[in-house]
Structure formats: C-alpha cells, structure tokens
C-alpha cells in the first residue's frame, strides 16, 4: 500500500488521537493535561464515562474531518501548488466524517434521548442545535449517497455538483450546533 492510499486514514487517526490527548486528557479546572484521565477513558475504568468521552470525541472529530474536506476545495483554488494534490482525499474523508457523525448521532439518540423524538426535539433546551445537527446530518447523508461516479452520470454533473456544494450549508449548521 502506498502512502497516498492510506493518507486519509492517517489524517483521521491524527484527528482522533489529538482530540483524545488534548480534549479528553484536559482538565478544565486546572487547565492542564492529565494523562491519568486519558488512561482511565482508554481502559474503560468507568465504562459510562468512557463512552460519553468517546461520543464527544466522535462529534468533534466529525466536525474537524468534514471541515478539512470543505476547506480543501477553496484552498486548492487559492494555492493550487500546495493543496491541489490533496483533493483526492475529499471523498474518503467525507464518507468517514459522515460515518463518525452518524455514529455520534445514533449513540446520542439511544443514550441521552432513550429513542424518544419528543425528548430530543420537544423537551430539549438545545432545540435549535438539535434541529441544525439533524438537518446537517441529512444533507451529509445525501452527499454521501450521491458521491459515486454512477450518481454523477445519473444526476448529471450540474445537479450532482449542486448537491455536493449544498454541504457548505450543512457544515455551517453543524458549527452553529456546537456553539449552542
């Protein structure tokens, strides 16, 4: 296997490991890194806490990976010599980012909302954020489902490109959700 083939997976690994080290191991009270916190999460000393922490990392990783995907396009136009050769990674990273976001959404729906749409949408103080995240996830699902060469042919390039470009709206909605 060549580096070019595994590069997207190395980026995902880098994003995950960075978030685990600098988010999970960070103590907000002392504002320092506490390696024991990370060890406790990774060894599932408290499984409930470990799953909760991994769920947070999944949410942040999805946003980070999807942001990389959306940044590569404009950066490659502004600086083609520096970023143009990374465009091949967008599809793989986008699909992985969507998968991670979907896992986060499924786990959250089960664990925090106990399969209840009423709890999730009606009885939730973060209603706007949840709606934004849900709309974003649906847009990312459509983008993922139409990311094949066959779909480009079936839809025609202009429609396909419009669907893929609509993802920028979803990314902004997802960022809005994280700020709420």
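Residue numbers (the numbering used here): 1 to 180. Just so it is clear, CB atoms sit at the ideal spot from N, CA and C, and this is done for glycine as well.
Judged by their CB atoms, residue 15 and residue 65 are nearer to each other than the 8 angstroms cut-off. According to DSSP, residue pairing for residue 32 in a beta bridge involves 27. Residue 125 counts as exposed, since fewer than 16 other C-beta atoms from the protein chains shown sit within 10 angstroms of its C-beta. Using a 10 angstroms sphere on the CB of residue 118, the tally of other CB atoms stays under 16, which defines it as exposed. Between the alpha carbons of residue 45 and residue 122 lies a gap of roughly 34 angstroms. In the structure shown, residue 156 adopts coil according to DSSP, grouped into three states.
For residue 111, the enclosing alpha helix (DSSP H) stretches over residues 90-111.
With distances taken between CA atoms, residue 108 lies nearest to 120 out of 68, 99 and 120. Here the alpha carbons of residue 143 and residue 153 stand approximately 15 angstroms from one another. Under the DSSP assignment, residue 50 falls in the alpha helix (DSSP H) whose first and last residues are 47-78.
With respect to the 8 angstroms criterion, residue 101 and residue 140 are classified as neighbours on the basis of their beta carbons.
Within the model, the alpha-carbon separation for residue 48 versus residue 156 is close to 47 angstroms. Pairing residue 72 with residue 90, the inter-Cα distance amounts to about 7 angstroms. Counted as a single uninterrupted DSSP element, the alpha helix (DSSP H) harbouring residue 18 occupies residues 3-19.
If you compare the alpha carbons of 168, 148, 150 and 115 with that of residue 138, the shortest gap goes to 168.
Within the same chain, and ignoring the five residues on either side of residue 105 in sequence, the residues whose Cβ sits closer than 6 angstroms to its Cβ are 137. The alpha-carbon separation between residue 4 and residue 150 amounts to approximately 24 angstroms. Secondary structure note for residue 145: its alpha helix (DSSP H) is the uninterrupted segment 127-145.
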